[in-house]
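Residue numbers (the numbering used here), protein chains in the order written: chain A, 327 to 585; chain B, 35 to 706. What follows is one structure encoded as structure tokens, with my remarks underneath.
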């Protein structure tokens, strides 16, 4: 598969990648149950992250030629290129926070894990993955000037994202509390709430971002040629998904066979 | 009404508002279960309200005043909001001598920071974008000096804003040092309480760090777009935001004083920092986290600017060395800064929510904090010094009239220091009880830093070799050479600390303090002054007074040698750092007096510099044209430069530092 330009194949590429991701997530889950091995889990997570980064976040666009020598650096295409680089640098910076949290998790808990409800973890993961899929559809639609499809897809993304946040705060956290994972009881509780909380905070900011993108989309602010706002919201949303791709095994899958 | 009576009325108003607020706060405290008492925090907040509210009434059209006013109001609202919620939930809402609980203060702090930014207007265009309204790319600045108090988008204005606030914080942090240095002159307790000493010592560290971060941002902001021929930074609004978010950060750092102080030193290690007795610690964390965002976003902006906005022909190895140094510094600031934020945030949450990250009773690990903290805080010193070393490499060739020796090696050495710098953090922890097998690898990685740093020294020496020393020596040149010598001392005293066997003895002594001040004076303070003397004419069109400049240099340099060498000496004799008192029998009482005198002489020299700065802005001798006879593009046009810099773009046609080569050219301006 290469990066495609016509709308239909772009959309179907999104579907194929989603299927890959879903299969890999299932594989991860099965691995954790039957063949618990941190390195295998890390490899699967890396493959998933690479798929998202390439096909959903279009990291290759960073390398796109600027076409010509824009001495004044004032053209829209050139500015969008700068914006894209800025956004990716921001994500690089942000990933150090999540990296630090992962390091802390392994430093404090080692290969043990907090005792959590596996179905719920699988459920919220599925929600986030699905929302990424619809986000991709939204962006692809806008890139081809299909405003209607863009609006409905971004709306679905927001609903799924909201369900994720509510699922974490209202479901995951409450259930975890019942199962004895309590923030101020021991360090396993502390790290669990810190990691899920930091991630949920990013999902929440992403939701605000999506909301403004949706509203500006309704106001005809974006066109097929000029929709940097949509692209930025999509890349950010997928980034939050990538973070969860690593947090999910780190919190739920490692140490599950032992407990 | 004449001026005198009007002044009296203003003073009376300030006093009245202060007292009324102090009493009102005590009254509000009753609601939450406090006793009716006037604590220092009552008077402090009272004085803030007393000063800021009348200022707001008179000057609310000035964005800075508006921001501070709403920061204050929003903080109070945030604090009350959480307190009422806690009251309603049946949780403890009374804060005793701090009036409110930690939870209330921290929440209020975050709300206040956002309120400052919103009210100040630096986010105005973003708000419009979110609402789908387009704004013009550029805004006109108001004429006169008031543009420095508002959200200007011009990188030169922002560079000056950064530099001025950096100097202001340098003065505050330096004053703290003078106070506790005076306390240390004699053994035994003099005029400070131990807790006050600890607070001043901790805040001296952190305020100086923020000052340095703002100082290098000032230099990079002002210079990098000029050096690469850009009309501005890549993201002018983000640039303004990065500067203005540092203002509430500085406010929070200072607010930690009336809220019980910071007793941990600037490193804020738990378990001491996790002890909930003092709320000041939380304000300290808050200030650092907010200042961290200033640094991260500034670095992001700078990287994009250099990658995307260079003039035609400015390939990687034709970039000025200062730009290379800025890239290296920004790479560290962009990424590693997140980890000091995370480590402080985790302590913050441990205090607020009882999460046991660093609490062994709950299975936590205090050493983890040190790993996270030093992962930033060691590379941070390279953030501080790399731009300064870049300034030295940038200034030597035009002042000595010779090509820079080994340009590519110098360019790569900055990146080398930055990258190796990521792998050395645990050398701060040789005595911390971390796993012993980590010691030797970290020792060798640390010693490795000496290689790229040595490259820089060889290049400087080779550049000076057979060069033309300018006569009379300009202050910029004196400070450049001073930087090399002082930094050499800092560099040579480093390896003993990197070597495990010696560090076990040197750790936590004044030796380390001496070494550290050597590296930062050599790596930041001297080059910073050199850069100010050198580029001041570019920014203002006037020269600084050379006589005062020489007084500044010849007073500061010997005093500094006495200070840092004296610190190292008493360190070797057994003076521990960060402590309030020492035993007279150790025999370095006299040295402490000498150190204090030296510190005051340094302060005097900086005072001379500031007087020079203020005088020269107005009455300096006009500086026309290329006063340094430099090849660099910014000196080929008139000073000060207009908004958006160059009227006609230039093209890079040669090597940047080919001084003395006949017929060679660096830049060529295009025809209109």
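By construction, the Cβ of each residue, glycine as well, lies at the ideal position given by its N, Cα and C atoms.
Given residue i, which residues of its chain have a CB within under 8 Å of its CB, disregarding the five upstream and five downstream residues?
i                      : result
residue 580 of chain B : 506, 508 and 509
residue 546 of chain B : 531, 540, 605 and 611
residue 327 of chain A : Here residue 327 of chain A scores only 43 on pLDDT, less than 50, and its place in the model should not be relied on; the value that follows carries that caveat. Correct list, in chain order: 339, 342 and 381.
residue 353 of chain A : 370
residue 347 of chain B : 685, 686 and 687
Short of 6 Å in beta carbon distance, which residues of its chain neighbour residue i, apart from the five on each side in sequence? Order them along the chain.
i                      : result
residue 81 of chain B  : 52
residue 563 of chain A : 461 and 532
residue 425 of chain A : none
residue 584 of chain A : Unreliable placement is indicated for residue 584 of chain A, whose pLDDT of 45 sits below 50; no coordinate value is reported for it.
residue 507 of chain A : 440, 515 and 518
residue 445 of chain B : 358
residue 523 of chain B : 552
Have a look at residue i and residue j and give me their C-alpha separation to the nearest angstrom.
i                      : j                      : result
residue 327 of chain B : residue 369 of chain B : 11 Å
residue 341 of chain A : residue 464 of chain A : 13 Å
residue 91 of chain B  : residue 85 of chain B  : 10 Å
residue 685 of chain B : residue 350 of chain B : 14 Å
residue 663 of chain B : residue 268 of chain B : 29 Å
residue 237 of chain B : residue 297 of chain B : 9 Å
residue 18 of chain B  : residue 49 of chain B  : Only positions 35 to 706 of chain B appear in the structure, and residue 18 of chain B is not among them; the question remains open.
residue 574 of chain A : residue 451 of chain A : 7 Å
residue 628 of chain B : residue 209 of chain B : 18 Å
residue 724 of chain B : residue 111 of chain B : There is simply no residue 724 of chain B to check, as chain B begins at 35 and stops at 706 in what is shown.
residue 389 of chain B : residue 524 of chain A : 14 Å
residue 323 of chain B : residue 379 of chain B : 8 Å
So which residues on chain A does residue i lean against when the C-beta distance must stay under 8 Å?
i                      : result
residue 380 of chain B : 430 and 520
So which residues on chain B does residue i lean against when the C-beta distance must stay under 9 Å?
i                      : result
residue 476 of chain A : None at all; the shortest Cβ gap to chain B is about 15 Å.
residue 552 of chain A : Neighbours of residue 552 of chain A on chain B: none; closest Cβ ~11 Å, over 9 Å.
residue 407 of chain A : 342
Listing by chain order, which chain A residues have their CB less than 9 Å from the CB of residue i?
i                      : result
residue 389 of chain B : 509, 510, 513, 515, 516, 517, 519 and 520
residue 370 of chain B : 422
residue 402 of chain B : 429, 430, 433 and 434
What residues in its chain sit with their C-beta under 7 Å from that of residue i, if we drop five residues either side in the sequence?
i                      : result
residue 272 of chain B : 331 and 335
residue 276 of chain B : 328, 331, 332 and 335
residue 302 of chain A : What the structure shows of chain A is the stretch from 327 to 585, and residue 302 of chain A is not part of that stretch, so it cannot be assessed.
Run through chain A and tell me which residues come within less than 7 Å of residue i, C-beta to C-beta.
i                      : result
residue 399 of chain B : 433 and 434
residue 373 of chain B : 422 and 426
residue 703 of chain B : Correct list: empty, because the minimum Cβ distance to chain A is about 12 Å.
residue 320 of chain B : In chain order: nothing, as chain A lies at least about 17 Å away.
If the cut is a Cβ gap below 8 Å, which residues of chain B does residue i touch?
i                      : result
residue 545 of chain A : 166
residue 590 of chain A : Because residue 590 of chain A is not part of the residues shown, which for chain A are 327 to 585, the question remains open.
residue 530 of chain A : Per Cβ cutoff of 8 Å: no residues; residue 530 of chain A is ~15 Å from chain B at best.
Could you tell me whether any non-hydrogen atom of the ligand GTP is closer than 7 Å to the CB of residue i?
i                      : result
residue 543 of chain A : In the structure shown, the ligand GTP is absent, as is every other ligand, since no ligand is present at all.
Quick one: which chain B residues come within Cβ less than 7 Å of residue i?
i                      : result
residue 305 of chain A : Because chain A spans 327 through 585 in this model, residue 305 of chain A falls outside it and cannot be assessed.
residue 455 of chain A : Going along chain B, no residue has its Cβ under 7 Å from residue 455 of chain A, so there is no contact; the nearest lies around 26 Å.
Next on the checklist: With a threshold of 8 Å, are at least 3 pairs of Cβ atoms found where one atom belongs to the region 362 to 369 of chain A and the other to the region 526 to 545 of chain A?
Outcome noted: no
Checklist entry - Any residues in the region 329 to 350 of chain B with a beta carbon nearer than 7 Å to a beta carbon of chain A? Which ones, in chain order? => result 330, 334, 337, 338, 341, 342, 343 and 346
Checklist entry - Does the count of Cβ pairs from the region 280 to 295 of chain B and the region 211 to 227 of chain B closer than 8 Å reach three? => result no
Next on the checklist: Using 8 Å as the cut-off, can you tell me whether the region 381 to 391 of chain A makes contact with the region 468 to 487 of chain A, which would need three or more C-beta pairs spanning the two stretches below that distance?
Outcome noted: no
Checklist entry - Okay, do the region 470 to 481 of chain B and the region 397 to 404 of chain B touch, 3+ Cβ pairs below 8 Å being the bar? => result no
Checklist entry - Are there three or more Cβ pairs, one per stretch, closer than 8 Å when the region 314 to 324 of chain B is compared with the region 255 to 268 of chain B? => result no
Checklist entry - Contact between the region 110 to 118 of chain B and the region 155 to 169 of chain B: three or more CB pairs below 8 Å? => result no
Item to check | the region 359 to 376 of chain A: positions lying closer than 7 Å to chain B by Cβ | outcome: none
Checklist entry - Using a Cβ cut-off of 9 Å, which residues of the region 263 to 277 of chain B contact any Cβ in chain A, in chain order? => result 264, 265, 268, 269 and 272
Item to check | Touching by the beta-carbon criterion (3+ pairs, under 8 Å), the region 542 to 556 of chain B and the region 592 to 608 of chain B | outcome: yes
Item to check | Three or more C-beta pairs below 8 Å linking the region 671 to 683 of chain B and the region 695 to 705 of chain B | outcome: yes
Item to check | Selection of the region 118 to 133 of chain B by Cβ proximity to chain A, strictly under 7 Å | outcome: none
Checklist entry - Between the region 546 to 556 of chain B and the region 593 to 603 of chain B, do at least 3 Cβ pairs fall closer than 8 Å? => result yes
Next on the checklist: Check whether the region 627 to 641 of chain B and the region 578 to 594 of chain B touch, using three or more Cβ-Cβ pairs below 8 Å as the test.
Outcome noted: yes
Checklist entry - Using a Cβ cut-off of 9 Å, which residues of the region 553 to 585 of chain A contact any Cβ in chain B, in chain order? => result 555
Next on the checklist: Pairs of beta-carbons, one from the region 180 to 198 of chain B and one from the region 552 to 569 of chain A, closer than 8 Å: are there three or more?
Outcome noted: no
Item to check | Contact set between the region 676 to 689 of chain B and chain A, restricted to residues whose Cβ is under 8 Å from the partner | outcome: 683
Item to check | Contact list for the region 339 to 353 of chain A against chain B, Cβ threshold 8 Å | outcome: none
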